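Below is one structure, written out as structure tokens; the observations come after it.
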Amino acid sequence: MIAARPAVRSLAASKIRELFNAGMGRADILAFWVGEPDEPTPEFIRKAGMDSIAAGETFYTHNLGIPEIREALGVYLKGLHAGFRSQEVVVTSAGVNALMLATQLVVDPGERVVEVVPLWPNLQEIPRILGAQVETVALEFSPSGWFLNLEKLLEALTPGTRALYLNSPNNPTGWTVSRAEQKAILEHCRRHGIWIIADDAYERLFYEGNGIAPSFLDLADAQDRVISANTFSKTWLMPGWRLGWLVVPAGLGADLGKLIEYNTSCAPVFVQRAGIAALNQGEPVIARTVARFRKARDFLVRELNSIDGLSAALPTGTMYAFFRVRGVTDSLEFCKQLARDAGLGLAPGSAFGAEGEGFARWCFAASEERLAEGVRRLRNAMVRRPQGTP
Ligand SMILES: Cc1ncc(COP(=O)(O)O)c(C=O)c1O
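Okay, so the sequence shown: first residue is 46 according to my numbering, each after it adds one.
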């Protein structure tokens, strides 16, 4: 029999994709299931990319990225994180590629890794593709917020565990790790030689304090086993460009360069040029986006909690509301029904692991008008919903 490797065959297929494939990608569905901003990339960033193409910049670059973008990233990261010093910054083909490269860099087949869940499905499957054993520690829900049981997490991080994957602010829950929790985690991982792979994709979509989520890069030394993966997709409204970066301990750049060579060789040069424009002139874009998303978040969470049977905690970061639906035991079926009967597209909680069952995710990167219409559809669907349905 011709077949892919067992590790690949056993990967979970995307549940959101399953909604689509079931014919539910209809144009009349008001869709909030995809996690991307609702605006195109700002003009000045697009122009930087177009100028580069016009100038004939269509060749390979250095594996680790062109010097100008690595310098710009260094300046950006120093401005953001006091602890960022002599770690190496490497350009990748977006966040998902950064996370795959980080995993290829430090995780061997059969090794045990721990993830805090519910979690973006890609990050759950990446270590599995490489044959790692994935253990999970679940965040706990209460209507006032999501909580990490720190003791449980530290217990799960046994000696011999290779890596902790921590996405904060977290997709889908909007939970953000606190500074005190980070210190305890770093201390523990240092003691046992465990890598921390921090997925910082939403660090600038954070609605508290100075708007920058607590980062392990504020605490780590250049020789700590800490890797930060990041992306231009959310912060600068660039999901289609496929540009991201990794921060790795000093000295690992050369090995990472080999992996990049054999994966993608380099990020496209004109995309890197667009990234430089985003880094150098993008702060007003971020400020505007965060203000807009904060308003959308406040509106949506208030409305969701006003619907009988729904319970949503206020997310401290990201662009998602992850809310509990009373009585739902099959969130995929619930979301299929919503799409089919109410014309509303939400992502099933079970797409983010078994721990997300009973919840649904709503991406609030949308106008208030669209959100209000979505809420109206959901409210009607909940009123019509017979008792005892999944
Ligand atoms: C938690 C998380 N990490 C990383 C990414 C990476 O996105 P991209 O591959 O577009 O950079 C995403 C995108 O949805 C995400 O939700």
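The beta carbon of each residue, even a glycine, is placed where N, CA and C say it ideally should be. The structure displayed is predicted, hence computed values, not measured ones.
**Message:** My parser needs the beta strand (DSSP E) runs of 3 or more residues fully inside the stretch 208 to 268; what are they?
**Reply:** 208 to 212, 240 to 244
**Prompt:** According to DSSP, what are the bridge partners of L75?
**Reply:** Counting from one through the sequence shown, the residue named residue 75 turns up at place 30. In the DSSP output, where bridge partners are listed per residue, L75 has L389.
**Request:** Would you mind sorting S351 into buried or exposed? The rule is 16 or more other CB atoms within 10 Å of its CB.
**Result:** Locating residue 351 in the sequence shown gives position 306, where the first residue counts as 1. Label assigned to S351: exposed.
**Endpoints, the beta strand (DSSP E) within which N275 is located** = Here the question's residue 275 lines up with position 230 in the sequence shown. First-last of the beta strand (DSSP E) with N275: 271 to 276.
**Request:** Kindly confirm or deny that the stretch 283 to 298 and the stretch 58 to 67 touch, where touching means at least three C-beta pairs closer than 8 Å.
**Result:** no
**Request:** Let me know the secondary structure DSSP gives C311 once reduced to three states.
**Result:** In the sequence shown, the residue the question calls residue 311 occupies position 266. Reduced to three states, the DSSP call for C311 is coil.
**Message:** Comparing C-alpha positions only, which one of P360, A117, D83, I74 sits nearest to P326?
**Reply:** Mapped onto the sequence shown, residue 326 falls at position 281. The sequence shown places Gln at residue 326, rather than the Pro named in the question. The residue with the shortest Cα to Cα distance from Q326 is A117.
**Request:** May I ask you to verify whether the stretch 413 to 433 touches the stretch 94 to 104, counting CB pairs closer than 8 Å and requiring at least 3?
**Result:** no
**Asked** Distance, Cα to Cα, G354 vs K381?
**Response** Position 309 of the sequence shown, counted from the first residue, corresponds to residue 354. Position 336 of the sequence shown, counted from the first residue, corresponds to residue 381. Between G354 and K381, the C-alpha separation is close to 18 Å.
**Request:** Mind checking who A362 pairs with in its DSSP beta bridge?
**Result:** Stepping through the sequence shown from its first residue, residue 362 is reached at position 317. Rather than Ala, the amino acid found at residue 362 in this sequence is Gly. DSSP, once it has assigned bridges, lists F251 as partnering G362.
**Request:** For G320, count neighbouring Cβ atoms within 10 angstroms of its own Cβ and tell me buried if that reaches 16, exposed if not.
**Result:** Stepping through the sequence shown from its first residue, residue 320 is reached at position 275. G320 is buried by the Cβ-count criterion.
**Item:** Proximity test, V141 beta-carbon vs ligand 1 heavy atom, cut-off 7 Å
**Value:** For the purposes of this step, residue 141 is taken as residue 96 along the sequence shown, with counting starting at 1. Answer for V141: yes, Cβ within range of ligand 1.
**Contact between the stretch 244 to 264 and the stretch 93 to 100 (3+ Cβ pairs under 8 Å)** = no
**Prompt:** Around the C-beta of P87, are 16 or more other C-beta atoms found within 10 angstroms, so that it is buried, or is it exposed?
**Reply:** Within the sequence shown, numbered from 1, the residue matching residue 87 stands at position 42. Buried.
**Message:** Check for me: the alpha helix (DSSP H) holding E63 runs from which residue to which?
**Reply:** Locating residue 63 in the sequence shown gives position 18, where the first residue counts as 1. For E63, the uninterrupted alpha helix (DSSP H) segment begins and ends at 60 to 64.
**Request:** Kindly list the residues whose CB is nearer than 7 Å to the CB of D300, restricted to its own chain and excluding five residues on each side of it in sequence; keep chain order.
**Result:** Within the sequence shown, the letter at position 255 stands for residue 300. So the qualifying residues of the chain are L150.
**Asked** Is the stretch 389 to 400 in contact with the stretch 238 to 249, if contact means three or more CB pairs nearer than 8 Å?
**Response** no
**Asked** Does the Cβ-Cβ distance between L164 and N212 come in under 8 Å?
**Response** Position 119 of the sequence shown, counted from the first residue, corresponds to residue 164. Position 167 of the sequence shown, counted from the first residue, corresponds to residue 212. Yes, they are a contact pair.
**Every unbroken beta strand (DSSP E) within the stretch 136 to 192, with a cutoff of 3 residues, ordered by chain** = 157 to 162, 178 to 183, 185 to 187, 190 to 192
**Request:** May I ask which residues mark the beginning and end of the beta strand (DSSP E) holding V373?
**Result:** Walking along the sequence shown from the start, residue 373 turns up at place 328. Neither: V373 is in no beta strand (DSSP E) and is coded neither H nor E.
**Asked** Looking only at DSSP bridge pairs, what is F368 linked to?
**Response** Counted from its first residue, the sequence shown places residue 368 at position 323. DSSP, once it has assigned bridges, lists A357, A405 as partnering F368.
**Asked** Expressed to the nearest angstrom, what Euclidean distance is found between the alpha-carbon atoms of F251 and T361?
**Response** Start at 1 with the first residue of the sequence shown, and residue 251 comes out as number 206. Start at 1 with the first residue of the sequence shown, and residue 361 comes out as number 316. One C-alpha to the other measures close to 6 Å.
**Message:** Let me confirm a value: I239 is counted as buried when at least 16 other C-beta atoms fall within 10 Å, else exposed. Which label applies?
**Reply:** Counting from 1 along the sequence shown, the entry for residue 239 is found at position 194. Classification for I239: buried.
**Prompt:** From T137 to T363, what does the alpha carbon distance come to, in whole angstroms?
**Reply:** Mapped onto the sequence shown, residue 137 falls at position 92. Mapped onto the sequence shown, residue 363 falls at position 318. Distance between the alpha carbons of T137 and T363: 21 Å.
**Prompt:** To which residues of the same chain is L297 closer than 8 Å at the C-beta, ignoring the five residues directly before and after it?
**Reply:** Your numbering for residue 297 matches position 252 in the sequence shown. Apart from the 5 residues on each side of it in sequence, L297 sits with its Cβ closer than 8 Å to the Cβ of E133, L150 in its chain, given in chain order.
**Message:** Please identify the residue among A76, I61, T206 whose C-alpha is closest to the C-alpha of A417.
**Reply:** What you label residue 417 is simply residue 372 of the sequence shown in a count that begins at 1. Distance check between A417 and each of A76, I61, T206 places A76 closest, using alpha-carbon atoms only.
**Asked** Is the stretch 261 to 269 touching the stretch 120 to 128 in the sense that three or more CB pairs, one from each, lie closer than 8 Å?
**Response** yes
**Asked** Residue ranges of each alpha helix (DSSP H) run of no fewer than 4 residues wholly in the stretch 86 to 145, ordered along the chain?
**Response** 88 to 99, 112 to 125
**Asked** Relative to ligand 1, is the shortest distance from any of its heavy atoms to the C-beta of P85 smaller than 7 Å?
**Response** Locating residue 85 in the sequence shown gives position 40, counting from the first residue. For ligand 1, not one heavy atom lies less than 7 Å from the Cβ of P85.
**Asked** What distance in whole Å lies between the Cβ atoms of S278 and G140, which are believed to be in contact at a cut-off of 8 Å?
**Response** Along the sequence shown, read from residue 1 onward, the residue named residue 140 stands at position 95. Along the sequence shown, read from residue 1 onward, the residue named residue 278 stands at position 233. Rounded, the Cβ-Cβ distance is 6 Å, consistent with contact.
**Prompt:** Measuring from the CB of T276, is there a heavy atom of ligand 1 at a distance below 7 Å?
**Reply:** On the sequence shown, residue 276 is found 231 positions in, with the first residue counted as 1. True, at least one ligand heavy atom lies under 7 Å from that Cβ.
**Message:** Comparing C-alpha positions only, which one of A366, N108, D386, N167 sits nearest to N14?
**Reply:** Shown here, the chain extends from 46 to 435; a query on residue 14 therefore has no answer.
**Message:** Could you check whether A341 and F409 sit closer than 8 Å to each other, using their CB atoms as the reference points?
**Reply:** The count along the sequence shown starts at 1 and reaches residue 409 at position 364. The count along the sequence shown starts at 1 and reaches residue 341 at position 296. Yes, Cβ-Cβ distance for F409 and A341 is below 8 Å.
**Prompt:** Since S356 and F368 are thought to touch, with beta carbons under 8 Å apart, how far apart are those beta carbons, to the nearest angstrom?
**Reply:** The residue you call residue 356 lines up with position 311 of the sequence shown. The residue you call residue 368 lines up with position 323 of the sequence shown. That pair is a contact at about 6 Å.
**Message:** Please give the ranges of any alpha helix (DSSP H) in the stretch 279 to 330, keeping only runs that are unbroken, at least 4 residues long and fully inside the region.
**Reply:** Those alpha helix (DSSP H) runs which fall completely within the stretch 279 to 330 and span 4+ residues are 298 to 308, 314 to 326.
**Pair within 8 Å by beta-carbon distance, L345 and A366** = Counting from 1 along the sequence shown, the entry for residue 345 is found at position 300. Counting from 1 along the sequence shown, the entry for residue 366 is found at position 321. Contact: yes.
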